[in-house]
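Worksheet: the structure to be examined is printed underneath.
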Amino acid sequence: MSYNGSAIHPPGPTSTPVGDRFCPTMPDTGVTRTYDLHLAYQTIAPDGVTRNGLTVNGQFPGPLIEANWGDWILWRVTNDLTDEGTTLHAHGLFQQNTSWYDGVPAVAQCPITPNGGYSEMLFRADRFGTSWYHSHYSAQYSGGAHGPMVIHGPKYEEYDIDVGPVILEDWYHADYYSLVERVMAGRFPPSNNNLINGRMNFPCANTTLPCVPNAGVSKFQFQSGKKHLLRLANMGAEGIQKFSIDGHVMKVIAVDFVPIEPYTTNVVTLAVGQRSDVIIEAVGKPGDSYWMRSQLAQGFRCTLDDGVSPNALAAVYYEDADTDSIPTSVSDVTQDQLEQCKNDALDLSKPLCKIPLEEPDHTEVVNFDFRSNGTNFIWFLNNSTYRGDYNDPTLLIAKKGGNTFPPEANVYQFPGAKNVRIHLVNNAMVGGHPMHLHGHDFHVLAEGYGAWDGTIINPENTIRRDVHQMTNARNVSGVIEPSYMVMQFTQDNPGVWPLHCHLAWHVSGGLFMQILERPEDIRQQDFDEDVFDQCDKWAAYTADNFVNQIDSGL
């Protein structure tokens with residue numbers, strides 16, 4: 001799958017944003033971009049191994065969603081799955097005044113019914129940069145129900161060629177449902193391969209499934225002397241990716257949807273859900289070729305793979321290179337870099353748009369634990385695990401004036417607080433957590449082990465993003481030392497916003513909470529009536545059909 005080239009021109013003079021250069025005001029383009037999206041089961045073999053998968057419009061990964069900053073995006077979603085609901089979520093968009101289109105079942109909406117169920121979602125392209133979209137129903141996205149999203153906006157660094165999305169993801173040869181069954185039994189599945197833009201070879205001797213050898217790798221073209229923009233995104237289920245191109249240095253210019261002061265590196269670390277925009281100058285000769293690599297991180301309990309094919313390859317060919325030849329370049333990424341199970345240092349990413357960190361009006365401490373409930377192995381947040389009710393979304397309860405929720409909904413409210421600080425504590429040694437907050441970017445104040453001493457990293461200009469990798473707890477002389485991450489956001493967006501680990505298996509196991517933000521304003525919002533109609537359709541479907549919700553629902 002290639003996403004090279006752009007079908008939409010970046011904003012021109014008529015849509016230039018106004019305001020501070022680095023903190024511009026979103027333009028009103030008056031444009032709506034319409035996409036018809038069909039989710040379906042399909043037999044796929046991206047690495048040569050045949051398996052049952054999920055596709056969007058018959059493609060894996062799904063088609064590129066593209067818009068200009070300030071456009072409206074209309075999704076017309078059809079669920080062609082035969083026996084389960086679905087939803088689609090536009091990762092990282094704020095959904096200001098459209099929280100009912102955030103695409104999270106049991107939170108913002110009821111699922112779209114199977115066998116042709118249809119839903120329209122209209123929302124603003126309110127961020128610019130690189131992101132993705134995916135199903136938020138159970139772990140469907142890990143089976144293939146996802147794709148890239150690019151919102152064109154202001155350009156702060158010069159480049160000559162926009163190469164487009166570069167999708168990185170661990171890959172499994174079993175269907176997602178059977179993987180979730182294993183997860184709920186406490187047997188986390190190892191990945192079987194690693195893909196770049198949906199392609200990679202696999203040694204067929206290592207599987208009993210139907211397999212075609214030499215399935216092929218993705219190919220990219222560089223032009224010598226030119227600067228290339230690559231839009232990196234980790235759309236995997238579990239693995240932390242280490243991205244590099246042999247013989248080339250990368251200039252990182254954005255993390256998630258946040259433009260930053262550029263810094264250079266030979267390897268970019270991406271946890272699940274994270275994105276980085278990088279500029280690479282083509283320093284080779286016209287006849288050269290190089291390996292592009294994305295290697296699964298190797299730290300202790302950092303990424304779980306079976307060891308057969310954890311390192312994805314793609315070929316980069318310069319303009320006069322023989323594209324039938326195989327690159328012979330070698331990597332300069334060190335073993336120490338591969339074993340770093342965390343993002344780059346917090347003070348390395350400095351947002352171009354500085355937003356002052358204010359004193360918090362409320363601080364919430366949330367402890368993570370992993371244990372059995374007698375039936376399954378699940379995650380607990382402050383001793384409560386999440387389980388969603390597809391038939392009764394939290395947002396619609398709040399819209400109707402309700403304010404009482406079952407414990408398993410993990411609803412948090414911070415009434416009267418403008419700035420909320422959340423101090424996360426991970427007491428479990430079964431992996432780290434790429435923590436994602438919907439509806440907001442958040443400041444990352446600090447991270448580490450043991451007790452936080454109150455020190456804030458780069459307090460004048462803290463890093464902001466919508467996903468940050470929280471590390472695993474660690475064993476110190478036989479004693480578990482918890483890890484911590486401290487984040488802060490402003491309650492300026494009425495809605496119900498999930499805060500969750502973006503590992504598919506962890507959120508299936510209940511590592512999920514929802515923040516009910518400014519419920520009095522939610523009641524005043526003008527909801528699209530189709531949201532309520534969709535719940536009526538789901539209620540009618542579930543009255544006659546059993547929904548086997550084996551995990552949290554998300």
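As numbered in full-length UniProt numbering, residues 1 to 554 make up the sequence shown, in order. We treat Cβ as the ideally placed atom computed from N, Cα and C, and that holds for glycine. Just so it is clear, the structure is predicted and the values come from calculations on it, not from any experiment.
- The beta-carbon distance between L395 and V49, rounded to whole angstroms, is 40 Å. This is too long to meet the 8 Å contact definition.
- Put simply, the backbone Cα of R464 is about 33 Å away from that of Y290.
- The criterion of a C-beta distance shorter than 7 Å is not satisfied by E520 and Q491.
- Contact check for H146 and Y137: beta-carbon distance about 12 Å, past the 8 Å limit, so the pair fails to qualify.
- Excluding its 5 nearest sequence neighbours in each direction, H443 has C-beta neighbours in its own chain below 6 Å: L357, T462, R464, Q488, listed in chain order.
- For M513, DSSP records a beta bridge to L499.
- Under the three-state reduction of DSSP output, T34 falls in the strand class.
- Take the alpha-carbon of Y390 and the one of G553: they are about 8 Å apart.
- Here R371 is exposed: its Cβ has fewer than 16 other Cβ atoms, across all protein chains shown, within 10 Å.
- Counted as a single uninterrupted DSSP element, the beta strand (DSSP E) harbouring P259 occupies residues 258–265.
- Under the rule that a run must span 3 or more residues, the beta strand (DSSP E) segments found entirely inside the UniProt domain "Plastocyanin-like" (165–304) read 193–196, 219–222, 227–234, 241–245, 250–255, 258–265, 268–270, 275–281, 289–296.
- As a beta-bridge residue in DSSP terms, R464 pairs with H443.
- When the beta-carbon positions are compared, R182 and P189 come within less than 7 Å of each other.
- For a cut-off of 8 Å, the C-beta gap from Q109 to Q524 is around 19 Å, too long to register as a contact.
- Here the alpha carbon of P63 sits roughly 16 Å from the alpha carbon of E169.
- Distance check between E460 and each of F377, L346, I550, E364 places L346 closest, using alpha-carbon atoms only.
- At the C-beta level, V217 and A314 come within 7 Å of one another.
- The beta carbon of N343 is closer than 6 Å to those of T269, Q469 in its chain, skipping five residues each way along the sequence.
- Under the three-state reduction of DSSP output, E157 falls in the coil class, being neither helix nor strand.
- Our two residues, F123 and H89, have alpha carbons roughly 11 Å apart in a direct line.
- Proximity to V258 across P105, K537, K354 peaks at K354, based on C-alpha coordinates.
- Listed as beta-bridge partners of A312 by DSSP are S294.
- Within the segment 325–403, the complete alpha helix (DSSP H) segments of 4 residues or longer fall at 335–338, 394–399, listed in chain order.
- The DSSP-derived three-state label of A504 is helix.
- Residue Y386 holds the alpha-carbon nearest to the alpha-carbon of N410 among Y386, M250, G299.
- The segment 259–268 and the segment 205–225 do not touch, with fewer than 3 CB-CB distances between them shorter than 8 Å.
- Here T455 is exposed, its C-beta having fewer than 16 other C-beta atoms within 10 Å.
- Selection A185, P148, Q96, D47 evaluated against G509 yields A185 as nearest (Cα-Cα).
- Taking all protein chains in view, the Cβ of T82 is surrounded by fewer than 16 other Cβ atoms within 10 Å, so the residue is classified as exposed.
- For H423, DSSP records a beta bridge to V365, V486.
- Assignment of beta-bridge partners to Q96 by DSSP yields no partner.
- Following the DSSP letters along the chain, one finds Q413 inside the beta strand (DSSP E) bounded by residues 411–413.
- Under DSSP, the beta-bridge partners assigned to H152 are N68.
- Secondary structure note for E529: its alpha helix (DSSP H) is the uninterrupted segment 529–544.
- In this structure, the CA atom of L437 is about 19 Å from the CA atom of S142.
- Separation of T471 and Q298 (C-alpha to C-alpha, rounded to the nearest whole angstrom) is 13 Å.
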